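Just so we're aligned, residue 81 is where the sequence shown starts under the numbering used here, counting upward by one.
Okay, so here's the structure we're looking at.
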Amino acid sequence: MINNTEADWLHVDVMDGVFVPNISFGPGIIKVMKSHSKLPLDVHLMIEKPEQYIEIFRDAGADHISVHAEACTHLHRTIQQIKATGAKAGVAINPHTPVNVVENLLEDIDIIILMSVNPGFGGQKFIYQTINKIRQLKEMIITANSDALIEIDGGVGLQNAESILQAGADVLVAGNSIFKAENPKLAVYALKNLGIQGYIV
Ligand code: ZN
81 MINNTEADWL
91 HVDVMDGVFV
101 PNISFGPGII
111 KVMKSHSKLP
121 LDVHLMIEKP
131 EQYIEIFRDA
141 GADHISVHAE
151 ACTHLHRTIQ
161 QIKATGAKAG
171 VAINPHTPVN
181 VVENLLEDID
191 IIILMSVNPG
201 FGGQKFIYQT
211 INKIRQLKEM
221 IITANSDALI
231 EIDGGVGLQN
241 AESILQAGAD
251 VLVAGNSIFK
261 AENPKLAVYA
271 LKNLGIQGYI
281 V
């Protein structure tokens, strides 16, 4: 079904039951997804010690690998490790983490995921403070002359997609607003036609 929508990427949330309270799945499932998906796999590692698993997820088929700033003691090194595999490298930050944690990494990263809910479960409400963080981060990216994309993850749907994009976001992650829709294909179409650059299910 997703292959037949206008979605650009397939966003995959990996949860370990330690960094976040929930457990989702690991590289085995990603390997199967890769064999069916026509879209790039945008893998979001919500796990402790992600540096131990980068190559495993890349081998399983991850095209983009994002790690949490809060889970990495040596974030810059982990980013280099992701890039060495040939995957696009991303950093995700939780709602309480200020955007300046990525300021000195902007030259090196491809994607910054701003969590707009507390990570761990689907179906949560969008935290509106995220809009200010998008504006701050966009300014930082422009100043640094970086090509990094701002990706917003959590509680995104038609009701707020336009304000999120206007604030400067490039990529929207939409879970419930697509999969709980009566017509998921139409839900993707509606979001795409707001003028979204990158778009994820
Ligand atoms: Zn995610």
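Built from N, CA and C at the ideal position, the CB exists for glycine as well.
All figures in this text were calculated on a predicted structure; none of them were measured in a lab.
Residue side-chain check: residue 116 keeps its Cβ at 7 angstroms or more from all non-hydrogen atoms of the ligand ZN. Sixteen is the threshold: when 16 or more other Cβ atoms of the shown chains lie within 10 Å of the Cβ of residue 147, as they do, the residue is buried. Assignment of residue 168 by DSSP, reduced to helix, strand and coil, places it in the strand class.
Per the CB criterion, closer than 5 angstroms to any heavy atom of the ligand ZN, the qualifying residues run in chain order as 93, 124 and 233.
Within its own chain, the residues whose Cβ lies closer than 6 angstroms to the Cβ of residue 152, once the five positions on either side in sequence are excluded, are 158, listed in chain order.
By the C-beta density criterion, residue 237 is buried, having at least 16 other C-beta atoms within 10 angstroms. In the three-state DSSP reduction, residue 156 falls in the helix class (H, G or I). When DSSP reads this structure, residue 90 sits in a beta bridge with 121.
Going by DSSP, residue 139 is part of the alpha helix (DSSP H) stretching over 134-140. Looking only at 217, 245, 200 and 243, the smallest Cα-Cα distance to residue 255 is reached by 200. Under the DSSP assignment, residue 258 falls outside any beta strand (DSSP E), being part of the alpha helix (DSSP H) whose first and last residues are 256-259. In the DSSP assignment, residue 96 is bridged to 103. In the three-state DSSP reduction, residue 194 falls in the strand class (E or B). In this structure, DSSP gives residue 220 a helical state, which the three-state scheme calls helix. With fewer than 16 other CB atoms across the displayed protein chains lying within 10 angstroms of its CB, residue 223 is exposed. Per the C-alpha coordinates, the member of 205, 140 and 180 positioned closest to residue 94 is 140. Between the alpha carbons of residue 111 and residue 135 lies a distance of about 13 angstroms. In the DSSP assignment, the residues bridged to residue 145 are 123 and 169.
Taking a cut-off of 8 angstroms for Cβ pairs, the stretch 193-209 and the stretch 162-169 do not touch, as fewer than three such pairs fall below it.
Taking a cut-off of 8 angstroms on C-beta distances, the stretch 248-263 touches the stretch 211-227, as three or more cross pairs fall below it. With a beta-carbon spacing of about 5 angstroms, residue 241 and residue 274 fall inside the 8 angstroms limit used to define contacts.
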